[in-house]
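Colleague: Residue numbers (numbering that gives the first Met the number 0), protein chains in the order written: chain A, 0 to 573; chain B, 0 to 307. For every residue, glycine included, the Cβ atom is placed at its ideal position computed from N, Cα and C. Please read all numbers here as calculations on a predicted model, not as lab measurements.
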Amino acid sequence: MNFNILLGFAIIVCLVGLFIRFSIWFSQGLRPAAQTISPVQRLTAGIQAVFSTLFSAKLLLVLKSTLFDLFLQKRIFEKSTLRWTTHTLIFTGFILLLFMHALSPVLSDSLFSDYQPTLNPFLFLRNLFGIMVLVGLGLAIYRRISQKAQRLKSSTSDWAALVFIAVIILSGMLLEGAKMSSITTFQGMVEEYADLDDTERNALEAYWVKENGLRSPNIVKPVDPALVAEGMEISNDSCMDCHAPNSSAFASKTLSPITVPFSSSLGDAATVSFFWYLHILACLSFLAWIPFSKMFHILAAPVSLIIKGVTGDQELKDPVSIFNNQMIGLSACTHCGSCSVECSSSMFYESFQNDFILPSEKVQYLKKIAAGKENNPEVLKQMQQGLYVCTSCDRCTTVCPSGINLKEIFVSARYALLAKGTPETSMLSHFSFPLALARNFVDDHIKALKKVTDIFKQSFPHLADIDAPVTLDNTQKFDNSSFNGCFSCQRCTNICPVVRSYDNPGEALGLLPHQIMFSLGIGNIDLATGAQMIWSCSTCYLCQEHCPNEVELCDIFYSLKNRAISKIEAGANS
Amino acid sequence: MKYAFFQGCNIPIRIQQYATSTEAVLNKFGIELEVVPEFNCCGYPVRNVDEKAYILPSVRNMAIAEKKGLDILVICNCCFASLQKAKHVLEHNDGLKKEINDLLAQEDLKYQGTVQIQHYLTVFHEEIGTEKIQSLIVNTFKDLNIAVIHGCHILRPREITGFDDSFVPRITEDLMKATGANSLDWRGKMECCGAALAGINDDLSQNLLKEKIDGAKQAGAAFITPVCSYCHLQFDTMQKTINSGNSSEPLLPVVLYPQLLGLCLGIDEKLLGIEQNSTIDPVDIKRLKDVLSPPVKKKKRKKAKIAS
Chain A
0 MNFNILLGFA IIVCLVGLFI RFSIWFSQGL RPAAQTISPV QRLTAGIQAV FSTLFSAKLL
60 LVLKSTLFDL FLQKRIFEKS TLRWTTHTLI FTGFILLLFM HALSPVLSDS LFSDYQPTLN
120 PFLFLRNLFG IMVLVGLGLA IYRRISQKAQ RLKSSTSDWA ALVFIAVIIL SGMLLEGAKM
180 SSITTFQGMV EEYADLDDTE RNALEAYWVK ENGLRSPNIV KPVDPALVAE GMEISNDSCM
240 DCHAPNSSAF ASKTLSPITV PFSSSLGDAA TVSFFWYLHI LACLSFLAWI PFSKMFHILA
300 APVSLIIKGV TGDQELKDPV SIFNNQMIGL SACTHCGSCS VECSSSMFYE SFQNDFILPS
360 EKVQYLKKIA AGKENNPEVL KQMQQGLYVC TSCDRCTTVC PSGINLKEIF VSARYALLAK
420 GTPETSMLSH FSFPLALARN FVDDHIKALK KVTDIFKQSF PHLADIDAPV TLDNTQKFDN
480 SSFNGCFSCQ RCTNICPVVR SYDNPGEALG LLPHQIMFSL GIGNIDLATG AQMIWSCSTC
540 YLCQEHCPNE VELCDIFYSL KNRAISKIEA GANS
Chain B
0 MKYAFFQGCN IPIRIQQYAT STEAVLNKFG IELEVVPEFN CCGYPVRNVD EKAYILPSVR
60 NMAIAEKKGL DILVICNCCF ASLQKAKHVL EHNDGLKKEI NDLLAQEDLK YQGTVQIQHY
120 LTVFHEEIGT EKIQSLIVNT FKDLNIAVIH GCHILRPREI TGFDDSFVPR ITEDLMKATG
180 ANSLDWRGKM ECCGAALAGI NDDLSQNLLK EKIDGAKQAG AAFITPVCSY CHLQFDTMQK
240 TINSGNSSEP LLPVVLYPQL LGLCLGIDEK LLGIEQNSTI DPVDIKRLKD VLSPPVKKKK
300 RKKAKIAS
């Protein structure tokens with residue numbers, strides 16, 4: 000097939016993909032209340048934001064961010080030299096190959112008057128850049144394997160990206176290597192560039208076999224040194240003006256023997272065209288694949304980083320900018336996993352075995368949720384827990400190399416899911432503290448909290464609802480037996496700051512601390528678990544400290560809370 | 000002496016001044032702090048949900064410190080209590096210890112139980128000692144009424160925290176005395192700030208907080224000094240939220256102990272991050288500095304002692 004047709008096809012696929020990805024920036028979002036903002040409004044706001052930034056003093060911030068965040072990759076450098084080296088090698092090597100080699104008809108030809116792909120420094124540099132990329136890929140693979148224990152998750156698409164780039168570089172090197180050894184290529188070039196008789200031809204061929212890796216059926220080894228010397232002279236006269244020695248292409252020359260089995264079975268000309276197709280198809284498929292993969296970060300991450308550079312740490316206020324920023328952010332994720340490696344909730348991931356507790360895994364699925372493509376209630380429930388089991392330490396946002404405002408995305412997504420989802424029991428934990436402090440989505444929080452407190456009320460018996468006399472029949476076991484020491488002196492209840500906060504504590508709290516100990520004493524754990532008191536306990540431990548008989552009241556309340564939550568969860572999952 | 004500095008989740012992002020002032024003051028006494036990026040949450044936030052999930056993170060943190068060969072210095076009470084609790088639980092539960100160590104082995108970590116957990120106030124009080132503190136003090140406060148609020152999880156349960164006498168704590172008393180400030184005897188001193196209920200039962204949480212703010216004001220406090228980071232956020236952030244509807248009510252400004260001590264040691268207030276406390280304004284800072292003067296009498300006595 001014609002190269003131009005393939006190229007045209009790849010470009011069309013790429014453009015269609017880019018259109019889809021860019022349109023997502025202005026059409027999707029994560030927010031609890033349904034907002035009616037049209038894509039046109041969002042696009043207009045986006046364009047306005049770009050113009051108002053470029054034509055103001057903020058332009059300096061854009062330039063600063065472009066230099067430090069994009070070209071120098073300052074954010075990665077501050078965190079890890081290894082990762083910075085990895086990214087810099089791949090990025091620099093690949094971009095230079097793109098400009099100098101892939102786009103040579105457009106760029107190199109016009110920039111360098113004497114540009115020839117077969118001349119140095121170009122011949123050598125192409126190999127050097129290729130090696131840079133390969134070393135970078137090696138480091139990336141090493142990082143993904145060595146940091147697996149630190150909860151660095153690698154998905155198929157992460158490996159695919161690495162393999163894709165490796166295939167591009169290696170197929171290029173093998174193509175060059177195949178050409179070096181190909182007699183057909185050699186003869187074609189001699190035909191085109193040199194006017195030689197048969198003896199001269201033979202001498203030249205001998206020299207190229209000896210020095211430049213050519214494989215020829217006409218030359219018998221060991222090659223006659225006199226013939227080689229003669230060939231060298233001819234080569235210097237006829238070839239070297241346009242073709243540096245193949246040793247300059249050190250990587251391709253080293254890899255060249257790999258192509259030998261191919262040329263032995265396929266023939267040398269077919270081998271060259273095989274590697275040519277492989278190289279071209281790899282490059283063009285990669286181009287077409289960019290918008291549909293994490294490689295889209297090549298375009299999205301710079302935008303995200305510049306937005307971060309311009310807005311700094313200030314919180315965006317208007318929903319239009321928030322939505323746009325969310326979607327740019329989600330598309331800029333490279334799934335590098337830095338956020339998950341540093342996540343303060345990492346041990347909760349180990350305890351709950353929920354991938355969505357790790358920020359990098361949340362981002363992948365939030366893209367689907369924002370697109371409305373994820374409707375499996377179980378996955379959504381997992382995601383909801385993953386979003387809630389978060390200490391709000393903001394480390395993920397601080398560490399993200401793409402400058403994604405993960406904190407904002409996660410908070411918005413959390414309340415978006417809570418508004419629609421099942422009651423979230425982890426709302427009854429101290430993960431709620433930083434949320435109460437930040438006061439975002441106050442009404443949404445109260446609504447979602449009511450859902451879970453309602454289900455708590457429905458799940459357990461209450462003293463007021465019990466008709467028959469409370470008996471000793473119940474023999475449920477309870478792990479903390481210190482309640483046996485309770486002799487109902489009521490010191491706990493009398494010292495409790497929560498009990499004191501209510502005019503009618505019995506009504507507000509269901510059971511008072513000493514009554515909870517009594518319920519446990521008669522073996523009615525469910526009655527104790529159903530007391531509102533356990534959720535109103537301020538965990539100040541005054542009761543436990545003041546108990547004359549060492550009843551561990553506050554610890555018992557914690558156990559009851561654990562029990563209540565696991566019972567509610569068991570009910571939700573049954 | 001060097002410690003692994005356990006800052007928890009709140010301090011690095013919301014109360015940096017607590018970390019910087021603590022470090023600045025400790026450095027004066029030759030104590031170094033190493034920030035350990037590998038530390039994760041202490042586990043406290045999940046305690047209502049699952050006790051085992053609450054223990055695990057602290058064990059990992061202690062294992063990391065043990066690997067580094069450092070003891071842990073903690074600021075936040077809740078982190079302190081979680082670490083102490085995990086240590087205590089594993090001392091009595093070999094099965095759980097093995098289970099957790101099996102999990103930690105994948106990261107090449109192992110918890111032995113050798114690490115010590117120190118609250119920074121204990122380091123001031125026991126390791127440095129008030130005498131040494133006084134020897135470096137260049138200024139002391141005069142007529143400055145401070146309401147200290149200990150926070151619950153540093154004092155109780157005493158078998159776990161092992162911090163001080165949980166009924167008559169004297170560490171904070173001695174340390175406040177060293178700065179010359181007058182630590183008030185007030186009702187909320189050892190009670191709850193309401194933080195544990197924020198986001199779960201906001202009305203109750205805020206009532207408990209208001210009770211403390213009013214109590215401190217009635218006792219004549221010019222400033223409140225919370226020890227725990229949760230208490231700090233309640234007084235320094237939540238107080239403003241509660242107060243937002245009632246601007247005529249003056250805020251009770253927050254100042255942290257290392258900030259007070261830092262001023263006495265002649266450390267620059269900017270370095271101590273006093274203005275980063277959101278309830279404190281320049282007038283309050285001036286008020287603090289106005290009552291600061293060289294400790295004339297004490298110096299004379301000391302000199303007399305040395306001479307004799």
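Can you tell me whether DSSP reads residue 141 of chain A as helix, strand or coil?
Modeller: Position 142 of the first sequence, counted from the start, is the residue given in the question as residue 141 of chain A. Helix at residue 141 of chain A.
Colleague: Please tell me whether residue 52 of chain A has its Cβ less than 9 Å away from any Cβ of chain B.
Modeller: Residue numbering aside, residue 52 of chain A sits at position 53 when the first sequence is read from its first letter. No, residue 52 of chain A lies away from the interface with chain B (no Cβ there is under 9 Å from its Cβ).
Colleague: Assign residue 3 of chain B to one of three DSSP states: helix, strand, or coil.
Modeller: The residue given as residue 3 of chain B occupies position 4 in the second sequence. Residue 3 of chain B: strand per DSSP, three-state reduction.
Colleague: Give, in chain order, every residue of the stretch 178-197 of chain B whose Cβ lies closer than 7 Å to some Cβ of chain A.
Modeller: 190, 191, 193, 194, 195, 196 and 197
Colleague: Within 9 Å of any Cβ in chain A, is that where the Cβ of residue 298 of chain B sits?
Modeller: On the second sequence, residue 298 of chain B is found 299 positions in, with the first residue counted as 1. The predicted position of residue 298 of chain B is uncertain, since its pLDDT is 49 and thus under 50; a value taken from the coordinates is nonetheless stated next. No, residue 298 of chain B lies away from the interface with chain A (no Cβ there is under 9 Å from its Cβ).
Colleague: Let me see if you follow: with CB-CB separation under 9 Å, is residue 103 of chain A close to chain B or not?
Modeller: Taking the first residue of the first sequence as 1, we reach residue 103 of chain A at position 104. No, residue 103 of chain A does not count as interfacial toward chain B.
Colleague: Classify residue 139 of chain B: buried if its beta carbon has 16 or more other beta carbons within 10 angstroms, exposed otherwise.
Modeller: As a first step, residue 139 of chain B is located in the second sequence; it is residue number 140 there, counting from the start. With 16 or more other CB atoms across the displayed protein chains lying within 10 angstroms of its CB, residue 139 of chain B is buried.
Colleague: Nearest by alpha-carbon distance to residue 356 of chain A: which of A:430, A:215 and A:299 is it?
Modeller: Against the first sequence, residue 356 of chain A aligns to sequence position 357. Measuring from the Cα of residue 356 of chain A, the nearest candidate turns out to be A:430.
Colleague: Between the beta-carbon of residue 24 of chain B and the beta-carbon of residue 266 of chain B, is there less than 9 Å?
Modeller: As a working note, residue 24 of chain B is residue 25 in the second sequence. As a working note, residue 266 of chain B is residue 267 in the second sequence. Yes; because the gap between Cβ atoms is below 9 Å, this pair is in contact.
Colleague: By Cβ distance, which residues of its chain are closer than 8 Å to residue 520 of chain A, with the 5 residues on each side in sequence left out?
Modeller: Counting from one through the first sequence, the residue named residue 520 of chain A turns up at place 521. 482, 483 and 485.
Colleague: Determine, for residue 538 of chain A, whether the minimum Cβ-Cβ distance to residues of chain B falls below 9 Å.
Modeller: Mapped onto the first sequence, residue 538 of chain A falls at position 539. Closer than 9 Å to some Cβ of chain B, the Cβ of residue 538 of chain A qualifies, so yes.
Colleague: Pick helix, strand or coil for residue 253 of chain B, following the three-state DSSP scheme.
Modeller: As a first step, residue 253 of chain B is located in the second sequence; it is residue number 254 there, counting from the start. Reduced to three states, the DSSP call for residue 253 of chain B is strand.
Colleague: Starting from the C-beta of residue 315 of chain A, find all residues in its chain whose C-beta is less than 7 Å away, skip the five residues before and the five after it, and write them out in chain order.
Modeller: Residue numbering aside, residue 315 of chain A sits at position 316 when the first sequence is read from its first letter. If we look at residue 315 of chain A and ignore the five residues flanking it on each side, its Cβ neighbours are 321 and 324.
Colleague: Return the chain-ordered list of same chain residues with a C-beta closer than 8 Å to the C-beta of residue 198 of chain A, the five sequence neighbours on each side being excluded.
Modeller: Position 199 of the first sequence holds residue 198 of chain A. Contacts found: none.
Colleague: Can you give me the Cβ contacts of residue 69 of chain A inside the same chain, cut-off strictly under 7 Å, excluding the 5 residues immediately before and after it?
Modeller: If you number the first sequence from 1, residue 69 of chain A lands on position 70. Within the same chain, residue 69 of chain A has close Cβ partners 301 and 304.
Colleague: Any beta carbon of chain B sitting closer than 9 Å to that of residue 464 of chain A?
Modeller: Taking the first residue of the first sequence as 1, we reach residue 464 of chain A at position 465. For residue 464 of chain A, not one C-beta of chain B is nearer than 9 Å to its own C-beta.
Colleague: If you draw a straight line from the C-alpha of residue 461 of chain A to the C-alpha of residue 51 of chain B, how long is it?
Modeller: Sequence index remark: in the first sequence, residue 461 of chain A carries index 462 (1-based). Sequence index remark: in the second sequence, residue 51 of chain B carries index 52 (1-based). The alpha-carbon atoms of residue 461 of chain A and residue 51 of chain B are separated by roughly 28 Å.
Colleague: Is residue 108 of chain B closer than 9 Å to residue 59 of chain B when the C-beta atoms are compared?
Modeller: Here residue 59 of chain B is taken as the residue at index 60 of the second sequence, counted from 1. Here residue 108 of chain B is taken as the residue at index 109 of the second sequence, counted from 1. Their beta carbons are under 9 Å apart, which means residue 59 of chain B touches residue 108 of chain B by this criterion.
Colleague: From the DSSP output, which residues share a beta bridge with residue 70 of chain B?
Modeller: Indexing the second sequence from 1 puts residue 70 of chain B at position 71. Residue 70 of chain B pairs with B:2.
Colleague: Leaving out the 5 sequence neighbours to the left and right, which residues in its chain are closer than 6 Å to residue 385 of chain A when beta-carbon positions are compared?
Modeller: By 1-based counting over the first sequence, the position of residue 385 of chain A is 386. Around residue 385 of chain A: 353, 355, 356 and 361.
Colleague: When you compare the CB of residue 8 of chain B with every CB in chain A, is at least one pair closer than 9 Å?
Modeller: Here residue 8 of chain B is taken as the residue at index 9 of the second sequence, counted from 1. Interface residue, yes.
Colleague: Specify the secondary structure class of residue 307 of chain B as computed by DSSP and reduced to three states.
Modeller: Residue 307 of chain B sits at position 308 when you count from the first residue of the second sequence. Only weak support exists for where residue 307 of chain B lies, its pLDDT of 47 falling under 50; the value from the coordinates is given anyway. Reduced to three states, the DSSP call for residue 307 of chain B is coil.
Colleague: Show which residues of chain A have a CB atom less than 9 Å away from the CB atom of residue 155 of chain B.
Modeller: Translated into the one-based positions of the second sequence, residue 155 of chain B becomes position 156. Those within 9 Å of residue 155 of chain B in chain A are 539, 540, 541, 543, 544 and 553.
Colleague: Would the stretch 132-148 of chain A and the stretch 88-99 of chain A be scored as touching if the rule is three or more Cβ pairs under 8 Å?
Modeller: The stretch 132-148 of chain A vs the stretch 88-99 of chain A: in contact.
Colleague: Looking only at its chain, what residues have a beta carbon closer than 6 Å to the beta carbon of residue 201 of chain A, apart from the 5 residues adjacent to it on each side?
Modeller: The residue labelled residue 201 of chain A in the question sits at position 202 within the first sequence. None.
Colleague: Would residue 560 of chain A count as contacting chain B if we go by Cβ distances under 9 Å?
Modeller: In the first sequence, residue 560 of chain A corresponds to position 561, counting from 1. Contact of residue 560 of chain A with chain B is assigned, a C-beta pair being separated by under 9 Å.
Colleague: State yes or no: is the C-beta of residue 344 of chain A within less than 9 Å of the C-beta of residue 397 of chain A?
Modeller: The residue you call residue 344 of chain A lines up with position 345 of the first sequence. The residue you call residue 397 of chain A lines up with position 398 of the first sequence. Not a contact, by the Cβ cut-off of 9 Å.
Colleague: With three or more C-beta pairs closer than 8 Å as the rule, is the stretch 146-159 of chain B touching the stretch 200-208 of chain B?
Modeller: no
Colleague: Hey, is residue 33 of chain B's beta-carbon within less than 9 Å of any beta-carbon in chain A?
Modeller: On the second sequence, residue 33 of chain B is found 34 positions in, with the first residue counted as 1. Chain A contact via Cβ: absent.
Colleague: With a cut-off of 8 Å on the beta carbons, I'd call residue 342 of chain A and residue 358 of chain A a contact; round off their distance for me.
Modeller: For the purposes of this step, residue 342 of chain A is taken as the residue at position 343 of the first sequence. For the purposes of this step, residue 358 of chain A is taken as the residue at position 359 of the first sequence. 6 Å between Cβ atoms; contact.
Colleague: Keeping to the same chain, check which residues put their C-beta closer than 8 Å to that of residue 142 of chain B; ignore five residues upstream and five downstream.
Modeller: Working through the second sequence from its first residue, we reach residue 142 of chain B at position 143. Contacts found: 181 and 290.
Colleague: Does residue 56 of chain B pass the burial test, meaning 16 or more other C-beta atoms within 10 Å, or should it be called exposed?
Modeller: Position 57 of the second sequence, counting from 1, holds the residue named residue 56 of chain B. By the neighbour-count rule (16 or more Cβ atoms within 10 Å), residue 56 of chain B is buried.
Colleague: Are the beta-carbon atoms belonging to residue 229 of chain B and residue 77 of chain B less than 9 Å from one another?
Modeller: Start at 1 with the first residue of the second sequence, and residue 229 of chain B comes out as number 230. Start at 1 with the first residue of the second sequence, and residue 77 of chain B comes out as number 78. Against a cut-off of 9 Å, the Cβ pair of residue 77 of chain B and residue 229 of chain B comes out as a contact.
Colleague: Taking contact to mean at least 3 C-beta pairs separated by less than 8 Å, is the stretch 425-445 of chain A in contact with the stretch 491-503 of chain A?
Modeller: no
Colleague: For the alpha helix (DSSP H) that contains residue 211 of chain A, what are its first and last residues?
Modeller: Within the first sequence, numbered from 1, the residue matching residue 211 of chain A stands at position 212. Taken as a continuous stretch (DSSP letters only), the alpha helix (DSSP H) holding residue 211 of chain A covers 197-211.
Colleague: Flag this pair as yes or no: are the beta carbons of residue 276 of chain B and residue 16 of chain B separated by less than 9 Å?
Modeller: What you label residue 276 of chain B is simply residue 277 of the second sequence in a count that begins at 1. What you label residue 16 of chain B is simply residue 17 of the second sequence in a count that begins at 1. Taking 9 Å as the Cβ cut-off, residue 276 of chain B and residue 16 of chain B qualify as a contacting pair.
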